[in-house]
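Below: one structure, written as structure tokens.
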Amino acid sequence: MLKRVTGLLVGAAIALAVPLSSQAAAKTFYWISHGGPADPVWTYFLQGANQWAEDTGNTVNTSFHSGDVPSQQEAVRSAIATGADAIVTTSPDPGSMNDVVNEAKAAGIPVININTPDPSVDFDAYVGMDLVQTGKQWAQYLVDNGHVKEGDFVWMPVEIPGATYGVQEEEGIKTVFEPLGITWEVTEATLDQAEVITRMSDYVTANRDKISAIIGLGDLVTGSIKRVFDQTGVKPGEIPVVGWGNSLDTTQEVLTGYVNAAMWQDPHATSYIGLSLANMASSGIPAGFDVLVGNLYEKDGAQGVDDILSGN
Amino acid sequence: MEQQSLARRLIAKPEFGPFVLLLVEIVVFTSINPNFLSPLNISNTLVFTVELGLIALAMTLLMTAGEFDLSVGAVFGFSPVVMWTLFNQGILPLELAFVAALLLAAFIGFISGLFVTRLKIPSFLVTLGMLLVVRGTALFVTDGFPQRTWNAGDQWLATVLVGDLNVGPFRLYMSLFWFILVAVIFWYILSQTKFGNWIQASGGNPGAASARGVNVGRTKLILFMLCSAMAALAGIISSIRTSAANPNSGTGYELEVIAMVVIGGTALMGGRGTIIGTVLGVFILRVMRNGIVLIGVPGLAYNIFIGAIILGMMALHYGLERRHQAGT
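Here's what the structure looks like:
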């Protein structure tokens, strides 16, 4: 009987010890984004981070800062102060995270950059797209498929002009369009869905004859194309469109012919791999390389992305 | 002589200034780009105008009573999220979800009104706090994900609220008719009823109004509820039209709506309001935004022009206002 009780107690002690030891090994990571909590794409990034936390049993503290640089810097400093094992963060503006990343590194905390690259800051690694390359791909797609030629005009709506993503994309687009004498204009669409549609509809109404093609520099603007075209009486395919494709709105637009090709950046995987690299770096294995993602899909590839975004 | 006095009476009306401004805008934009008056452009201009306009009409009554509601933009985003969440998750049919969203919005207005009238906290502060509470709730409830509204097309309620019809070359949405109906009702309330007198008295001199038996607190409470409910209705209409119920929709609308009301001739500090003026104010701002794009202002210079024109319009508006007051 005593043996049984002893065995039971030993068994219970072992059973308790296993989770206790794994709890002791659990680490705390900070996932800090310049995106907005209601931005559809960022919700997918967030899902990837939460999934990683669930899969690994580590703690991931997440926060959004809606383009507010001081607030994001403060969040990184808080993570440093609380002794985070590693930080995964974005770059709201080129160079803006320089000081805080240096402070984190001085404290021995690795910092992985996701979503928007910023070579001016000493991040441990970058996971995401090469946005200059993305811009170049969009422009080249329009040229290679005969949608634009010398002397044409391309309209490029963006949610927030001057933000890193749009600036880098335009830089890439310029390398293709400028030598061909193709001109373009960037206009502000804002982050409000109704306002986006209104402003874009106004622009299409005013410049319909002039626009040879459209490049949506952000997800919200590209995902609004169908509604803008429907409102202004433009038929699918009448004006060629390329842009971002990380939302169900855009996958549907590609499937129905409103958008010719869209870029998929796999937001879930970006967060997941970013945190994996952060975990690795915090264990002493340096992450001395970048991971680039991104795939320009057309109608035949749109259903696959649509399934991922629908959770199918 | 009679003609002269008629002209003088017209000029003396508070709506004269905004009317002149609107006319000037239309003439200038049309002379630069004749497409400004094309049926397609007029149809497009009317769509978004009336959604903001619905809130501006209710805000006119509230501001006439001497109060603001800064939470209208947040309610605009929150209410469709509530309605579509209840509907998409099969909790309620769309019609009941619509009513529930409106009632919830009215309740938000009720709470704001209670804080303002019972605790005597300025509405600016109360509704600023409410803005954050409502916006935060919308984000928390949805996890930041927009609610899908694609199956709205099959619903009779969606057709009643935003169905479109072609009248000659014009494509008009039902929301325009709702806007006209609400404008007529609110004009009647404000200028022809006892409740309208109470609203103006509450904003003009609340102490004297109370002394004369006006229940200032209850009047303001009703207006806060009405303002929130109208913001909810506008948000729901917008969500069906744009096929998107984003929790962050309506950001910054509160300021635009207040600008519409003030440009229309309603006194910023209360006591005097005009529904016709607000209708003109709504069109002035919307026509300006549309016209700026149509005349080909460079995309990134858009806000410079909008800001400069608003300043110019306000200067002109107050100039006309002073002249009209001096003449009366």
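Going down the list, the protein sequences come from chains A and B. Under my numbering, the first residue of the first sequence carries the number 11, and numbering increases by one thereafter. Under my numbering, the first residue of the second sequence carries the number -12, and numbering increases by one thereafter. Beta carbons are placed, not taken as given, at the ideal position from N, Cα and C, and that holds for glycine.
Burial state of residue i, where buried means 16 or more other Cβ atoms lie within 10 Å
{"i": "Gln76/B", "result": "exposed"}
{"i": "Gln179/B", "result": "exposed"}
{"i": "Val110/A", "result": "buried"}
{"i": "Trp165/B", "result": "buried"}
{"i": "Lys146/A", "result": "buried"}
{"i": "Ser230/B", "result": "buried"}
{"i": "Asp316/A", "result": "buried"}
{"i": "Met256/B", "result": "exposed"}
{"i": "Ser(-8)/B", "result": "exposed"}
{"i": "Leu302/A", "result": "exposed"}
{"i": "Leu112/B", "result": "exposed"}
{"i": "Asp162/A", "result": "buried"}
{"i": "Ala195/B", "result": "exposed"}
{"i": "Asn125/A", "result": "buried"}
{"i": "Pro80/B", "result": "exposed"}
{"i": "Thr100/A", "result": "buried"}
Residue i versus residue j - alpha carbon distance
{"i": "Ile295/A", "j": "Tyr151/A", "result": "39 Å"}
{"i": "Ile224/A", "j": "Gly253/A", "result": "8 Å"}
{"i": "Thr242/A", "j": "Phe94/B", "result": "38 Å"}
{"i": "Phe16/B", "j": "Tyr175/B", "result": "33 Å"}
{"i": "Glu263/A", "j": "Ile98/B", "result": "42 Å"}
{"i": "Val280/B", "j": "Gln275/A", "result": "32 Å"}
{"i": "Asn22/B", "j": "Gly267/A", "result": "28 Å"}
{"i": "Asn202/B", "j": "Leu119/B", "result": "29 Å"}
{"i": "Val86/B", "j": "Ile192/A", "result": "52 Å"}
{"i": "Asp240/A", "j": "Asn31/B", "result": "11 Å"}
{"i": "Ala34/A", "j": "Gly67/A", "result": "Because the pLDDT of Ala34/A is 47, which lies under 50, any placement of that residue in the model is unreliable, and the number read from its coordinates should be weighed accordingly. C-alpha separation (whole angstroms): 11 Å."}
{"i": "Ser234/A", "j": "Pro167/A", "result": "11 Å"}
{"i": "Gly156/A", "j": "Ser222/A", "result": "11 Å"}
{"i": "Ile119/A", "j": "Ser281/A", "result": "18 Å"}
{"i": "Ile318/A", "j": "Asp65/A", "result": "18 Å"}
{"i": "Thr69/A", "j": "Glu38/B", "result": "43 Å"}
{"i": "Gly251/B", "j": "Leu298/B", "result": "14 Å"}
{"i": "Gly283/B", "j": "Leu9/B", "result": "20 Å"}
{"i": "Val248/B", "j": "Gly183/B", "result": "17 Å"}
{"i": "Ala117/A", "j": "Ala94/A", "result": "10 Å"}
{"i": "Ala312/A", "j": "Leu265/A", "result": "6 Å"}
{"i": "Asp56/B", "j": "Glu308/A", "result": "46 Å"}
{"i": "Leu242/B", "j": "Ser58/B", "result": "10 Å"}
{"i": "Ser31/A", "j": "Thr104/B", "result": "In this predicted model, Ser31/A has a pLDDT of only 44, less than 50, meaning its place in the structure is not dependable; the value taken from the coordinates is given anyway. C-alpha separation (whole angstroms): 57 Å."}
{"i": "Asp212/A", "j": "Asp128/A", "result": "34 Å"}
Where residue i falls: helix, strand or coil (DSSP)
{"i": "Glu38/B", "result": "helix"}
{"i": "Val264/A", "result": "helix"}
{"i": "Glu195/A", "result": "strand"}
{"i": "Val164/A", "result": "strand"}
{"i": "Gly190/B", "result": "helix"}
{"i": "Phe55/B", "result": "coil"}
{"i": "Phe94/B", "result": "helix"}
{"i": "Val244/B", "result": "helix"}
{"i": "Ala173/A", "result": "coil"}
{"i": "Thr261/B", "result": "coil"}
{"i": "Thr72/A", "result": "strand"}
{"i": "Ala96/A", "result": "strand"}
{"i": "Phe299/A", "result": "coil"}
{"i": "Ser43/A", "result": "strand"}
{"i": "Ile90/A", "result": "helix"}
Neighbouring residues, chain B, relative to residue i (Cβ below 7 Å)
{"i": "Tyr213/A", "result": "Val280"}
{"i": "Gln203/A", "result": "Thr229, Ala231, Asn233 and Ser236"}
{"i": "Ile207/A", "result": "Thr229"}
{"i": "Gly46/A", "result": "Asn235"}
Proximal residues of chain B, C-beta to C-beta of residue i below 8 Å
{"i": "Gly243/A", "result": "Leu27"}
{"i": "Ala59/A", "result": "Within 8 Å Cβ-Cβ: nothing; Ala59/A doesn't reach chain B, min ~13 Å."}
Chain A residues whose Cβ lies nearer than 9 Å to that of residue i
{"i": "Tyr160/B", "result": "Correct list: empty, because the minimum Cβ distance to chain A is about 10 Å."}
{"i": "Leu287/B", "result": "Pro171, Gly172, Glu195, Val196, Thr197 and Glu198"}
{"i": "Glu38/B", "result": "Ala204"}
{"i": "Gly294/B", "result": "Under the 9 Å cutoff, chain A gives no residues; its nearest Cβ is about 13 Å from Gly294/B."}
Listed by chain order, chain A residues near residue i by CB distance under 7 Å
{"i": "Phe35/B", "result": "Ala204 and Thr208"}
{"i": "Ser225/B", "result": "Ala204"}
{"i": "Gly155/B", "result": "Residues of chain A passing the Cβ test: none, with the nearest at roughly 15 Å."}
Proximal chain A residues relative to residue i, where beta-carbon distance stays under 8 Å
{"i": "Asn202/B", "result": "None at all; the shortest Cβ gap to chain A is about 37 Å."}
{"i": "Asn192/B", "result": "Residues of chain A passing the Cβ test: none, with the nearest at roughly 38 Å."}
{"i": "Gly260/B", "result": "Per Cβ cutoff of 8 Å: no residues; Gly260/B is ~26 Å from chain A at best."}
Note down, one range per segment and in chain order, each alpha helix (DSSP H) of at least 4 residues found wholly within the region 118 to 173 of chain B. 143 to 149
Entirely enclosed beta strand (DSSP E) segments - the region 124 to 153 of chain A, minimum 3 residues: 135 to 138
Entirely within the region 214 to 276 of chain A and at least 3 residues each: give me those beta strand (DSSP E) ranges in chain order. Those beta strand (DSSP E) runs which fall completely within the region 214 to 276 of chain A and span 3+ residues are 223 to 226, 251 to 254 and 271 to 274.
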